[in-house]
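In this note's numbering, the protein residues as written are -10 to 378.
This report refers to the structure that appears directly beneath it.
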């Protein structure tokens, strides 16, 4: 039996691929099943020098992603990228789904690229609620793969946090849950994410994991345009982007902009605000321990953010936002990864019968939406496991 720990982009993909070839599969998920419109309840905020976001629920972070599907420059994954793009029906955002606020940016620069997304635009209402869970089931999330796997015979355990991998004679033979229950299997695949996967390995006696953490640090700069209501909060966010060497810029509404404007004495409501996200590929110097996460930004990281911030401010000025009416969010990170990259590339076993497949196997710096890469890497591992089994 294959035991898969985690139900996010990687775990769900591997479960679907394995069970489709007749393999016995058990998926173990720490969190519970939630309705996408209740996705806020699944957010787990980790406090470090940077606030780090991740989700604990069936489907993991895919439930609250913006649906962005950008390839990384990893040539070995090209065939898998193509397969995933077809399977998730990845398409560039159609013009009729690009909102008025985003079009204001399109009008002032020809450098914007249209964002590819794993969204069914026949269902999408461009409501701006992607990060809160799609209320129209238009955005792909990994529960679709989980349900497909279950229909083909996979088993699912919810609310079942894993304490450690059971290892005997340098071979993984099962997992032990926090409640003490032991479940035996022939192959164990950890897909619990960039924070939890290294912790499970640490508790299992595996060394050299937990460092090299990156989070794809970002801020959102925003403000108001006098006598206009852009309503970026009510349209599809990150529909276009500009990719520089040091950062990515994309239209983005953050709920933190409003209180920051009000505290500055600027009268506003959510409809008044327009903003741009600046995301960088931060240096992978963070550390995940058994009970803490330590992540600081380096001088180089801060310089990248400042450079991106200045370009974003210029763009906002050009669409009519006064400089004194601009505010910034605090620095956050939403893509924790890299924490097992020192010991595995995601394709070879750490020990006999023990594999890792999730963002923890991606080497940083990264700085891009990771879901397409995570699924593609999981597809590659699945093909290896199917051929070896």
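Backbone N, C-alpha and C define an ideal beta-carbon position, used for all residues, glycine too.
Note that the structure is predicted; figures quoted are calculated from it, not measured.
Task: Endpoints, alpha helix (DSSP H) assigned at residue 5 - done: Position 16 of the chain shown, counted from the start, is the residue given in the question as residue 5. Residue 5 -> alpha helix (DSSP H) spans -2 to 8.
- [ ] Can you say whether residue 244 is buried or exposed, counting buried as having 16 or more other CB atoms within 10 angstroms of its CB?
- [x] Numbered from 1 along the chain shown, position 255 holds the residue referred to as residue 244. Classification of residue 244: exposed, given that the 10 Å Cβ count is below 16.
Open item on the list: From the DSSP secondary-structure annotation, give me the bridge partner or partners of residue 232.
Closed with: The residue labelled residue 232 in the question sits at position 243 within the chain shown. Answer is 237.
Open item on the list: Check for me: the beta strand (DSSP E) holding residue 417 runs from which residue to which?
Closed with: Because the chain here runs from -10 to 378, residue 417 falls outside it and cannot be looked at.
- [ ] Apply the 10 Å Cβ neighbour rule to residue 118 and answer buried if 16 or more other Cβ atoms are within range, or exposed otherwise.
- [x] Looking up residue 118 in the chain shown gives position 129. Residue 118 is buried by the Cβ-count criterion.
- [ ] Check each candidate in 29, 142, 81 and name the one with the smallest Cα separation from residue 122.
- [x] Sequence index remark: in the chain shown, residue 122 carries index 133 (1-based). Residue 122 has its Cα closest to that of 29, out of 29, 142, 81.
Task: Residue from 230, 354, 76, 91 with nearest C-alpha to residue 115 - done: Here residue 115 corresponds to residue number 126 of the chain shown, with the count starting at 1. Comparing Cα positions, the closest option is 91.
TODO: Determine the contact status of residue 276 and residue 205, defining contact as a CB-CB distance below 9 Å.
DONE: Here residue 276 refers to the residue found at position 287 when the chain shown is read from its first residue. Here residue 205 refers to the residue found at position 216 when the chain shown is read from its first residue. Result no, Cβ atoms of residue 276 and residue 205 do not sit closer than 9 Å.
TODO: Quick one: residues in its chain with C-beta nearer than 8 Å to the C-beta of residue 302, no 5 flanking neighbours on either side, listed in chain order?
DONE: Within the chain shown, residue 302 is the residue found at index 313, counting from 1. Closer than 8 Å at the Cβ level, and outside the excluded window around residue 302, lie 210, 312, 315.
Task: Those runs of the beta strand (DSSP E) which lie wholly inside the segment 209 to 278 and span at least 3 residues - done: 229 to 232, 236 to 240, 262 to 269
Open item on the list: According to DSSP, simplified to helix, strand and coil, what is residue 358?
Closed with: Reading the chain shown from its first residue, position 369 is the one you call residue 358. Collapsing the DSSP output to three states places residue 358 in coil.
Task: Where the alpha helix (DSSP H) containing residue 171 begins and where it ends - done: Translated into positions along the chain shown, residue 171 becomes position 182. Counting along the chain, residue 171 falls outside any alpha helix (DSSP H), though it belongs to the beta strand (DSSP E) covering 171 to 173.
- [ ] To the nearest angstrom, report how far apart residue 16 and residue 151 are at their CA atoms.
- [x] Here the question's residue 16 lines up with position 27 in the chain shown. Here the question's residue 151 lines up with position 162 in the chain shown. So the two alpha carbons sit approximately 11 Å from each other.
Task: Backbone secondary structure at residue 57 - three-state DSSP - done: Along the chain shown, read from residue 1 onward, the residue named residue 57 stands at position 68. It is a strand residue.
- [ ] Can you tell me the Cβ-Cβ gap for residue 307 and residue 97, rounded? I've got them flagged as a contact below 8 Å.
- [x] Start at 1 with the first residue of the chain shown, and residue 307 comes out as number 318. Start at 1 with the first residue of the chain shown, and residue 97 comes out as number 108. Rounded, the Cβ-Cβ distance is 5 Å, consistent with contact.
Task: Three-state class that DSSP yields for residue 337 in the structure shown - done: Mapped onto the chain shown, residue 337 falls at position 348. Note: residue 337 maps to coil in three-state DSSP.
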